[in-house]
Amino acid sequence: MPTLIRRLDDDQFILADDPFTAVADDEGLPPGDVIISFTRFQAEGDRLLTEGRAVGVRLEPAEEVEALAYDLPRIAVVALAFPKYRDGRGYTAARLLRERFAYAGEVRAVGEVLREQAGFMVRCGFDAFAPADGASPQDWAHAVHRHRHVYQRAADLRTPAFVEREGG
Amino acid sequence: MYQYDAVDQEFVADRSREFREQVARRLSGELSEDQFKTLRLMNGLYLQLHAYMLRIAIPYGSLNARQMRRLAHIGRVYDRGYGHFTTRQNLQFHWIKLRDAPDILDQLAEVDMHAIQTSGNCIRNVTSDPYAGATAEELDDPRVWSEAIRQWSSLHPEFSFLPRKFKIAITASAKDRTAAKVHDIGLMIRRGRDGQLGFEVIVGGGLGRTPYVGPTITEFLPANRLFSYLEAILRVYNRHGRRDNIYKARIKILVAALGAEEFARQVAEEWAKIGPEGDLPDTELARIRGAFATTVFEALPARSEAFESAKAAHPALARFARNNLRPHKKPGYTIIEVSLKTIGDTPGDATSDQMDVIADLAERYGQDDIRVTHEQNLVLPHVRLDDVPEVFAQLQAAGLASANVNLISDIIACPGLDYCALANARAIPVAQQIAQTFADPDRAEAIGELKIKISGCINACGHHHVGHIGILGVDKKGEEFYQLTLGGSGAEDAAVGKMLGPALPYDKVASAIDTLVEVYLRERQEGERFLDTYRRTGVEPFKEAVYADAH
Ligand code: HEM
Ligand code: SF4
Chain L
10 MPTLIRRLDD DQFILADDPF TAVADDEGLP PGDVIISFTR FQAEGDRLLT EGRAVGVRLE
70 PAEEVEALAY DLPRIAVVAL AFPKYRDGRG YTAARLLRER FAYAGEVRAV GEVLREQAGF
130 MVRCGFDAFA PADGASPQDW AHAVHRHRHV YQRAADLRTP AFVEREGG
Chain B
72 MYQYDAVDQE FVADRSREFR EQVARRLSGE LSEDQFKTLR LMNGLYLQLH AYMLRIAIPY
132 GSLNARQMRR LAHIGRVYDR GYGHFTTRQN LQFHWIKLRD APDILDQLAE VDMHAIQTSG
192 NCIRNVTSDP YAGATAEELD DPRVWSEAIR QWSSLHPEFS FLPRKFKIAI TASAKDRTAA
252 KVHDIGLMIR RGRDGQLGFE VIVGGGLGRT PYVGPTITEF LPANRLFSYL EAILRVYNRH
312 GRRDNIYKAR IKILVAALGA EEFARQVAEE WAKIGPEGDL PDTELARIRG AFATTVFEAL
372 PARSEAFESA KAAHPALARF ARNNLRPHKK PGYTIIEVSL KTIGDTPGDA TSDQMDVIAD
432 LAERYGQDDI RVTHEQNLVL PHVRLDDVPE VFAQLQAAGL ASANVNLISD IIACPGLDYC
492 ALANARAIPV AQQIAQTFAD PDRAEAIGEL KIKISGCINA CGHHHVGHIG ILGVDKKGEE
552 FYQLTLGGSG AEDAAVGKML GPALPYDKVA SAIDTLVEVY LRERQEGERF LDTYRRTGVE
612 PFKEAVYADA H
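Line by line, the protein sequences give chains L and B.
If you're matching positions, the first sequence starts at 10 in this note's numbering and goes up one per residue.
If you're matching positions, the second sequence starts at 72 in this note's numbering and goes up one per residue.
Put into C-alpha cells, the structure is as follows:
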C-alpha cells in the first residue's frame, strides 16, 4: 500500500499507509476508498458514498473550494493539487477549508510537494503530504519545527508572536 | 530605530540556521543547482553573470551605525570592498561566494538584519519615507506601520508563493518620497475628518514592460483594519492573478483586467468575510511603536550662528546646504541627504570605507540613525545645524559631499549591459556622460530639480518610466539605441513618461539631454521645474529641438 506523511494532533509526523486510491478521470473505479476529481465527484459522488466508501476530492488550483462547501461534511479527504511547487493557490484553499468552512477532514497536499513547503503547508492546515522529493517524516518534522516563532495567526493555531509577547 | 526583541532575534537566527543547512546540502551535491535555486532565492541569493549576488533587506531603509558598520565589514571581507544601494532601499553585494553566504547571514542576524524575502514571489521588503520621524510633513510615523508589515509578511504561510513578487510602500507625507503609486500596494497615511488615522490604498501600480500608475481602491481605510484589508488584497491576487505568463503575473495586470472598481469590490467582499479577526491587536501596534527608540531632541534656536557664518565663509558648504539639506521638524536640526551620485562613479555604490564614515557620523552627530532613499542616496535624518559644517567636512574627505540631490546629475541607472545579461544597452556610462555634461555645479543648480532615470532594457530596473527624462536602452540591429521619454514622475504627481521620438544612438544621448535642458531654460516660467514646463508646453518644443539637432 502506498504511504504518505501524516501530521498527528500532537504535531508529530509519521509515515502512514494510504487507504485511498487516487483515480484519474479516464480510469475505471477500483473497489474501496477513492480520491477523484471534482468533476467526477459531481457526477458519481452520490453513488459512491451510498456504496459506503470513503470518498476524497482532488481540487486543481483553479477550482475554488467554495464549490465544495455543501459537500464537505461527507468528503473524507480534500486533496489540493500543486502541479508546480510555485503555484501557491493551494495555501489559500487550505486556509479557507479550515478557517472559513471549519472542515475537519483530511487536507492533503499532492503534486510537486517539497519539504521546503512543509512549514507553510502545516500552517495553512494541511495534515497529509505526498512528498515528491522523497522526504521522510523526520525531514518534514525538522522543516516544520525549525522556526520557534511565527508572526501570523493561521489555521494551525500556533501562537503568533503578538500573543506570545503579551504573555511575556 | 526598532529594537528587536528575543522573538525577532530568534526568528532571523532560525532562518539563518536553515539556510546554512541548505547550502551544506548544495555543496555536498545532495541538491542540484536547479533544486537549490528556489531555496537560495528565498534568501536573496541570485546567481548572476559572474558570481552570486546577495540582496540584503534594509526594512523601510532604516539602519543604525552598528548595522552600517557590519555591512561595511561584509563588503570588505566577502566582496570587493563596496556595496550597491538599490532603488528599493536594499543593499546588494555582487561578488559573493556561495560557501560564504551562511556566514554572512549569521553576521547579519547578529545585528538584527536578514535577507529574507528580498527575492522570490513573495511580499518583498517594505519601503517607506526616508525622512520618517524627521519631517514635519508627516501625519504619523510610517516606520511603525512598515515594521508591523515586515513582521506580518515574514514567512507568511499563505502568501509566500504568489503569482509574482509583491512590493508595498508606505508614506505619511503629502510629498511622496517612496514612489507609492508605482508599487503593487501603495499606502498613504491620511487623517479622516474626525481626526482618525487611516490609509488611502493604491493597488496595481508598477513599471516594467507595462507601466501603470496605480488606482486608489479605498480612499480611507481605518488604520486598525489594515492587516485584514492587506490579507483580502493578497488573497484575491493569490487566487486570481495570472500564473500562465510571467509578464502578466503582477497584480497590476489583474487590476487592469478586472478594472479598479471590480477589483475593489472583490477585495471588499473578501475583507467582510475575514473581519477584524485578521487585524493586528492595538496592543501589538502600540508595542511596536514603543520599541522604536525615542529620539531626544535638544531645545535649540531655529537659527544656528555657527552654521550661518560657516556658510558665509565657505561657498561649497553653502551649496551643499542649498541642495542636500531638508527642513527638520525640530528647530535647530536638519535632515542631511548624502548623495551617492558622485560624478563619474556608479550611481548607488558606496565603498566599505564610506559606509564606515557614514556610521561614525550617524553615531557622533546623527542620533545613530541612517536611512536609504529609493533614489539611491543616504540620509542622516537628525543632525544639529551647529554640526553641519563638521559633518560636511568629513563627508568631503570621504568623497561623499556631492551637492547634487534632486539635480540633473542625481541619476538613477540600472546595471545595464556592463553587468546584466538581459540588457540591450549600457546604462551606467550614459549616466556618467550626462553627469559630466552637467558637471558645472552653477549650471546644475540653475536647472533645478530634474530627475533622469535610465534602464538598459524594458524591465525598467532604472525606473525610466517615471523619470522627468527617462532613457531606455533598446537594441537596433545589434547596436545600442536609446528611447527618450519625458514627463514621468514617481512622486505624488505620478505619471508615466511619453515617448519623445525615434531612439537615438549612444553617442547622441548626452547632447540630446543638453538640448532638452536648453529648451526648458528658454521656455520656463517663474518657479517652474523641468517637469512643470514640459507639462505646460507639451512635447512639441522639445521634440523639434532634439530632432532638428539630430539632422
Ligand atoms: C543585473 C541584474 C539584474 C537583473 C537580471 C534584473 C532583472 C529584472 C527583471 C527581469 C525585472 C522585471 C520583473 C517583473 O516585472 O516582474 C526587474 C525589475 C526590477 N528591478 Fe531589476 N534586475 C537587475 C538588477 C537590478 C538592480 C541593481 C536594481 C536596483 C537598482 C533593480 C531594480 C529593479 C526594480 C525596482 C524592479 C521593479 C520594477 C517594477 O516595479 O516593475 N534591478 N529586474
Ligand atoms: S532594466 Fe534590464 S538591463 Fe537594467 S538591470 Fe534591469 S534587466 Fe538588466
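No residue lacks a Cβ here, since even glycine has one placed at the ideal position from N, Cα and C.
Residue i versus residue j: straight-line alpha-carbon distance, rounded
{"i": "residue 336 of chain B", "j": "residue 559 of chain B", "result": "30 Å"}
{"i": "residue 341 of chain B", "j": "residue 304 of chain B", "result": "8 Å"}
{"i": "residue 249 of chain B", "j": "residue 117 of chain L", "result": "42 Å"}
{"i": "residue 83 of chain L", "j": "residue 176 of chain B", "result": "48 Å"}
{"i": "residue 344 of chain B", "j": "residue 53 of chain L", "result": "32 Å"}
{"i": "residue 685 of chain B", "j": "residue 445 of chain B", "result": "No answer is possible for residue 685 of chain B: the residues shown for chain B start at 72 and end at 622."}
{"i": "residue 551 of chain B", "j": "residue 528 of chain B", "result": "11 Å"}
{"i": "residue 268 of chain B", "j": "residue 92 of chain B", "result": "44 Å"}
{"i": "residue 12 of chain L", "j": "residue 46 of chain L", "result": "20 Å"}
{"i": "residue 394 of chain B", "j": "residue 95 of chain L", "result": "47 Å"}
{"i": "residue 288 of chain B", "j": "residue 282 of chain B", "result": "18 Å"}
{"i": "residue 317 of chain B", "j": "residue 333 of chain B", "result": "23 Å"}
{"i": "residue 165 of chain L", "j": "residue 107 of chain L", "result": "9 Å"}
{"i": "residue 171 of chain B", "j": "residue 149 of chain B", "result": "7 Å"}
{"i": "residue 122 of chain L", "j": "residue 209 of chain B", "result": "46 Å"}
Neighbour flag for residue i against chain B, beta carbons, 8 Å
{"i": "residue 34 of chain L", "result": "no"}
{"i": "residue 12 of chain L", "result": "no"}
{"i": "residue 125 of chain L", "result": "yes"}
{"i": "residue 132 of chain L", "result": "yes"}
{"i": "residue 104 of chain L", "result": "yes"}
{"i": "residue 49 of chain L", "result": "no"}
{"i": "residue 109 of chain L", "result": "yes"}
Helix, strand or coil at residue i according to DSSP, with G and I counted as helix
{"i": "residue 535 of chain B", "result": "helix"}
{"i": "residue 373 of chain B", "result": "coil"}
{"i": "residue 202 of chain B", "result": "coil"}
{"i": "residue 554 of chain B", "result": "strand"}
{"i": "residue 90 of chain L", "result": "strand"}
{"i": "residue 570 of chain B", "result": "strand"}
{"i": "residue 28 of chain L", "result": "coil"}
{"i": "residue 130 of chain L", "result": "helix"}
{"i": "residue 139 of chain B", "result": "helix"}
{"i": "residue 609 of chain B", "result": "coil"}
{"i": "residue 576 of chain B", "result": "strand"}
{"i": "residue 424 of chain B", "result": "helix"}
{"i": "residue 283 of chain B", "result": "strand"}
{"i": "residue 157 of chain B", "result": "coil"}
{"i": "residue 548 of chain B", "result": "coil"}
Neighbouring residues, chain L, relative to residue i (Cβ below 9 Å)
{"i": "residue 85 of chain B", "result": "155, 156, 157 and 158"}
{"i": "residue 222 of chain B", "result": "160, 161, 170 and 171"}
{"i": "residue 192 of chain B", "result": "95 and 97"}
{"i": "residue 109 of chain B", "result": "94, 95, 123 and 125"}
{"i": "residue 296 of chain B", "result": "Near residue 296 of chain B there are no residues of chain L at all, since even the closest Cβ is about 15 Å away, more than 9 Å."}
{"i": "residue 360 of chain B", "result": "Going along chain L, no residue has its Cβ under 9 Å from residue 360 of chain B, so there is no contact; the nearest lies around 13 Å."}
{"i": "residue 306 of chain B", "result": "101, 104 and 105"}
beta-carbon residue i near ligand 4 non-hydrogen atom, thresh 7 Å
{"i": "residue 533 of chain B", "result": "Ligands in the displayed structure: ligand 1 and ligand 2; ligand 4 is not one of them."}
Cβ of residue i within 8 Å of any chain L Cβ
{"i": "residue 352 of chain B", "result": "yes"}
{"i": "residue 344 of chain B", "result": "yes"}
{"i": "residue 310 of chain B", "result": "yes"}
{"i": "residue 82 of chain B", "result": "yes"}
{"i": "residue 181 of chain B", "result": "no"}
{"i": "residue 355 of chain B", "result": "yes"}
Listed by chain order, chain B residues near residue i by CB distance under 8 Å
{"i": "residue 100 of chain L", "result": "228, 229, 230, 231, 232 and 309"}
{"i": "residue 15 of chain L", "result": "Residues of chain B passing the Cβ test: none, with the nearest at roughly 19 Å."}
Under 7 Å from the C-beta of residue i: neighbouring residues of chain L
{"i": "residue 78 of chain B", "result": "158, 170, 173 and 174"}
{"i": "residue 89 of chain B", "result": "155"}
{"i": "residue 314 of chain B", "result": "96"}
Partner residues on chain B for residue i, Cβ-Cβ distance less than 9 Å
{"i": "residue 129 of chain L", "result": "226, 227, 228, 229, 231 and 232"}
Proximal chain L residues relative to residue i, where beta-carbon distance stays under 8 Å
{"i": "residue 455 of chain B", "result": "Going along chain L, no residue has its Cβ under 8 Å from residue 455 of chain B, so there is no contact; the nearest lies around 36 Å."}
{"i": "residue 607 of chain B", "result": "Result: empty, since nearest Cβ-Cβ is about 47 Å, beyond 8 Å."}
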